[in-house]
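Residue numbers (the numbering used here): 415 to 493. C-beta: ideal position from N, C-alpha, C; glycine also.
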Amino acid sequence: MNKSKQKMDTMLTEGEKVLLAIQEVQAKLICARQGFESATDAALVDSYIYEITALHKKYEYYLKTAKEMGLTAPFRKIG
Numbered sequence: 415m416n417k418s419k420q421k422m423d424t425m426l427t428e429g430e431k432v433l434l435a436i437q438e439v440q441a442k443l444i445c446a447r448q449g450f451e452s453a454t455d456a457a458l459v460d461s462y463i464y465e466i467t468a469l470h471k472k473y474e475y476y477l478k479t480a481k482e483m484g485l486t487a488p489f490r491k492i493g
């Protein structure tokens with residue numbers, strides 16, 4: 415991990431880290447869906463399906479964590 419990321423991580427609260435993780439997963443899901451829609455090879459289609467499934471699991475985990483922490487933010491539904 416580079417020093418600027420380490421410094422940023424120490425400045426963020428746990429709640430901010432969770433909210434940031436949710437935003438990052440949302441962005442990755444958008445990219446994975448775009449890749450899936452443009453994929454023509456069966457192997458690539460399969461890989462995007464696995465990636466999207468894994469990202470959904472992460473998203474659910476971070477949403478659950480945020481809820482348990484009492485965090486609120488303007489989440490958009492992914493799915």
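Residue i: buried (16+ other C-beta within 10 angstroms of its C-beta) or exposed?
i, result
"VAL439", "buried"
"ALA441", "exposed"
"ALA457", "exposed"
"TYR473", "buried"
"ALA468", "exposed"
"ILE463", "exposed"
To the nearest angstrom, how far is the alpha carbon of residue i from that of residue j?
i, j, result
"LEU434", "ASP460", "28 Å"
"LEU365", "GLU465", "Because the chain in this structure spans residues 415 to 493, residue 365 falls outside the shown range and cannot be described."
"VAL432", "LEU426", "10 Å"
"GLY429", "ILE444", "23 Å"
"GLY449", "ASP455", "11 Å"
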